[in-house]
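Trainee: Residue numbers (the numbering used here): 37 to 402.
Just so it is clear, CB atoms sit at the ideal spot from N, CA and C, and this is done for glycine as well.
A single structure is presented below for examination.
In structure tokens form, the structure reads like this:
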């Protein structure tokens, strides 16, 4: 059997995570933290590309990795036009649409396929993405706003949310498509989603300023407050508040959750208030997703990096355990999901999907 070598590139709002897989086996992983105090000096997220590539080059050099026989680069997908769930072969149009944020999301995932293209230009290999941030399975009701012509977008940590959903289903000898789940990714960004028999039918647009505030994101605010307090700010600054410099970063000048949680542990009043308010807002959002599923919830799944703090889990259980049993998958399973998605295509087990270059949902027809 051929050994397939796959480099996994996963840029997040506060980190760049890199892995080298040979078939299903993870050979190396490096998770490099990027503080918002550094990232805020880049005018746009696209301007971070060279900075993030330095991380890749250091990873390759540090681990003595020879990539000249590289078979594939499995990259986190970003804000191209919305797509169906699955594994896609990345082409130039997908890269350009991602760079231009055709899907409307302003988030560091837009760097993934661009970084992969840089690697491909040196070492070759095919580029794949699986379940990008713009997977769209929303119900019609979930799309509506109170202004005609403006509709809610499906933006989430789809890769990790789908991965842990399938993992949970296997653990109880069920199929993902047989379950109703509330799945929550809680980290630098936070997305809370309702999964109705294998389809992610609703959720908050975390990268667009919707839902709980996070270590890097401002979260929901009244539009009147945005008009009053933020309207005179440059567009780039407002966008950064949605994905880089909002939330805990805005309160403390850093998005380093370890530093902030140490203040919480010391009883610092401001830190305790902000931290607990963030978790409180997560719980409110979980409650709203339970109504989407009409109270028929088979399980609540918690995943993401902030679950390394036990008080996050305890507070969510205190407020939400009455809805459904809670299962915790601390950290994230994105590296594994990206590698396995690419591997299944390389081995001929499934066909890579083609990027359509237009959104999944094009509007109501009436």
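Please say whether residue 199 and residue 373 have beta carbons closer to each other than 7 Å?
Mentor: Residue 373 sits at position 337 when you count from the first residue of the chain shown. Residue 199 sits at position 163 when you count from the first residue of the chain shown. Yes, these two residues count as a Cβ contact at 7 Å.
Trainee: Would you tell me roughly how many angstroms separate the C-alpha atoms of residue 369 and residue 104, rounded to the nearest one?
Mentor: Position 333 of the chain shown, counted from the first residue, corresponds to residue 369. Position 68 of the chain shown, counted from the first residue, corresponds to residue 104. Near 27 Å, if we compare the C-alpha coordinates of residue 104 and residue 369.
Trainee: Under 7 Å, do residue 314 and residue 248 count as touching if we go by C-beta distance?
Mentor: Mapped onto the chain shown, residue 314 falls at position 278. Mapped onto the chain shown, residue 248 falls at position 212. Contact flag set, yes.
Trainee: With residue 165 as the anchor, note down where its beta strand (DSSP E) starts and where it stops.
Mentor: In the chain shown, the residue the question calls residue 165 occupies position 129. 162-166 is the span of the beta strand (DSSP E), which, as asked, contains residue 165.
Trainee: If you measure between the beta carbons of residue 365 and residue 339, is that distance less than 7 Å?
Mentor: The residue labelled residue 365 in the question sits at position 329 within the chain shown. The residue labelled residue 339 in the question sits at position 303 within the chain shown. Yes, these two residues count as a Cβ contact at 7 Å.
Trainee: Relative to the C-alpha of residue 311, which candidate in 166, 399, 251 and 125 has its C-alpha closest?
Mentor: Position 275 of the chain shown holds residue 311. Out of 166, 399, 251 and 125, 251 has the C-alpha closest to the C-alpha of residue 311.
Trainee: Let's test the definition: count the other Cβ atoms within 10 Å of the Cβ of residue 258 and tell me whether it reaches 16, buried, or not, exposed.
Mentor: Taking the chain shown and counting its residues from 1, one reaches residue 258 at position 222. Under this definition residue 258 is an exposed residue.
Trainee: Let me know the secondary structure DSSP gives residue 87 once reduced to three states.
Mentor: By one-based count along the chain shown, residue 87 stands at place 51. Helix, per DSSP.
Trainee: Would residue 43 and residue 85 qualify as a contact pair, given that the criterion is a beta-carbon distance under 7 Å?
Mentor: Taking the chain shown and counting its residues from 1, one reaches residue 43 at position 7. Taking the chain shown and counting its residues from 1, one reaches residue 85 at position 49. No, the pair does not count as a contact, with Cβ atoms beyond the cut-off.
Trainee: What does residue 65 pair with, by DSSP beta-bridge criteria?
Mentor: What you label residue 65 is simply residue 29 of the chain shown in a count that begins at 1. Residue 65 pairs with 55.
Trainee: Can the beta-carbon of residue 319 be found closer than 7 Å to that of residue 355?
Mentor: As a first step, residue 319 is located in the chain shown; it is residue number 283 there, counting from the start. As a first step, residue 355 is located in the chain shown; it is residue number 319 there, counting from the start. Yes.
Trainee: For residue 232, name the three-state secondary structure that DSSP assigns.
Mentor: For the purposes of this step, residue 232 is taken as the residue at position 196 of the chain shown. Looking at residue 232 - three-state DSSP - the assignment turns out to be strand.
Trainee: With a 10 Å radius around its C-beta and 16 neighbouring C-beta atoms as the bar for buried, classify residue 239 as buried or exposed.
Mentor: Counting from 1 along the chain shown, the entry for residue 239 is found at position 203. Answer is buried; the Cβ neighbour count reaches 16.
Trainee: Beta strand (DSSP E) containing residue 47: first to last residue?
Mentor: By 1-based counting over the chain shown, the position of residue 47 is 11. Where residue 47 is concerned, the enclosing beta strand (DSSP E) stretches over 41-47.
Trainee: Among 137, 284 and 160, which has the Cα closest to the Cα of residue 108?
Mentor: For the purposes of this step, residue 108 is taken as residue 72 along the chain shown, with counting starting at 1. Scanning 137, 284 and 160 for the CA closest to the CA of residue 108 turns up 160.
Trainee: Under 6 Å Cβ to Cβ from residue 72, same chain only, skipping five residues before and after it: list those, please.
Mentor: Working through the chain shown from its first residue, we reach residue 72 at position 36. Contacts found: 252, 280, 281, 285 and 291.
Trainee: Please report how far the alpha carbon of residue 41 lies from the alpha carbon of residue 375, in whole angstroms.
Mentor: Sequence index remark: in the chain shown, residue 41 carries index 5 (1-based). Sequence index remark: in the chain shown, residue 375 carries index 339 (1-based). One C-alpha to the other measures close to 9 Å.
Trainee: Can the beta-carbon of residue 123 be found less than 7 Å from the beta-carbon of residue 300?
Mentor: Taking the chain shown and counting its residues from 1, one reaches residue 123 at position 87. Taking the chain shown and counting its residues from 1, one reaches residue 300 at position 264. Contact flag unset, no.
Trainee: Given that a residue counts as buried once 16 or more other Cβ atoms are within 10 Å of its Cβ, and exposed if not, what is residue 177?
Mentor: Here residue 177 corresponds to residue number 141 of the chain shown, with the count starting at 1. Result: exposed.
Trainee: If you check the beta carbons only, do residue 66 and residue 95 fall under 7 Å apart?
Mentor: Counted from its first residue, the chain shown places residue 66 at position 30. Counted from its first residue, the chain shown places residue 95 at position 59. Cβ atoms of residue 66 and residue 95: closer than 7 Å.
Trainee: Classify residue 91 as buried or exposed, calling it buried when 16 or more other Cβ atoms lie within 10 Å of its own Cβ.
Mentor: As a first step, residue 91 must be located in the chain shown, where it is residue number 55. The residue is buried, with at least 16 neighbouring Cβ atoms inside 10 Å.
Trainee: Going by DSSP, name the residue or residues bridged to residue 222.
Mentor: Position 186 of the chain shown, counted from the start, is the residue given in the question as residue 222. Among the bridge pairs identified by DSSP, residue 222 is matched with 226.
Trainee: Output yes or no for whether 7 Å exceeds the beta carbon distance between residue 226 and residue 325.
Mentor: Counting from 1 along the chain shown, the entry for residue 226 is found at position 190. Counting from 1 along the chain shown, the entry for residue 325 is found at position 289. No. Outside cutoff.
Trainee: Restricting to Cα atoms, I'd like to know which of 231, 399 and 377 is closest to residue 330.
Mentor: The residue labelled residue 330 in the question sits at position 294 within the chain shown. Among 231, 399 and 377, the Cα nearest to that of residue 330 belongs to 231.
Trainee: Apart from the five residues just before and just after residue 76, which ones in its own chain have a Cβ nearer than 7 Å to its Cβ?
Mentor: The residue labelled residue 76 in the question sits at position 40 within the chain shown. The beta carbon of residue 76 sits closer than 7 Å to those of 276, 280 and 281, all from its chain and outside the five residues before and after it, given in chain order.
Trainee: Please classify residue 401: does DSSP put it in a helix, a strand, or coil?
Mentor: Numbered from 1 along the chain shown, position 365 holds the residue referred to as residue 401. Three-state DSSP puts residue 401 in coil, outside helix and strand.
Trainee: Anyone know if the C-beta pair for residue 121 and residue 170 falls short of 7 Å?
Mentor: In the chain shown, counting from the first residue as 1, residue 121 sits at position 85. In the chain shown, counting from the first residue as 1, residue 170 sits at position 134. No; because the gap between Cβ atoms is not below 7 Å, this pair is not in contact.
Trainee: Please state the DSSP three-state secondary structure of residue 294.
Mentor: As a first step, residue 294 must be located in the chain shown, where it is residue number 258. Residue 294: helix per DSSP, three-state reduction.
Trainee: For residue 254, is the beta carbon positioned less than 6 Å from some heavy atom of the ligand COA?
Mentor: This structure does not include the ligand COA; it has no bound ligands of any sort.
Trainee: Per DSSP, what are the beta-bridge partners of residue 385 in this structure?
Mentor: For this step, residue 385 is matched to residue 349 along the chain shown. None, per the DSSP bridge assignment.
Trainee: Go ahead and label residue 93 buried or exposed: buried means 16 or more other beta carbons lie within 10 angstroms of its beta carbon, across all protein chains shown.
Mentor: The count along the chain shown starts at 1 and reaches residue 93 at position 57. So residue 93 ends up on the exposed side.
Trainee: Assign residue 183 to buried or exposed, taking buried as 16 or more other Cβ atoms, counted over all protein chains shown, within 10 Å of its Cβ.
Mentor: As a first step, residue 183 must be located in the chain shown, where it is residue number 147. Label assigned to residue 183: exposed.
Trainee: Looking at the unbroken alpha helix (DSSP H) that takes in residue 73, where does it start and where does it end?
Mentor: For the purposes of this step, residue 73 is taken as residue 37 along the chain shown, with counting starting at 1. Unbroken alpha helix (DSSP H) run through residue 73: 72-75.
Trainee: For residue 332, which residues in the same chain have their Cβ closer than 6 Å to its Cβ, ignoring the five residues on either side in sequence?
Mentor: Taking the first residue of the chain shown as 1, we reach residue 332 at position 296. Taken in chain order, the residues that qualify are 216.
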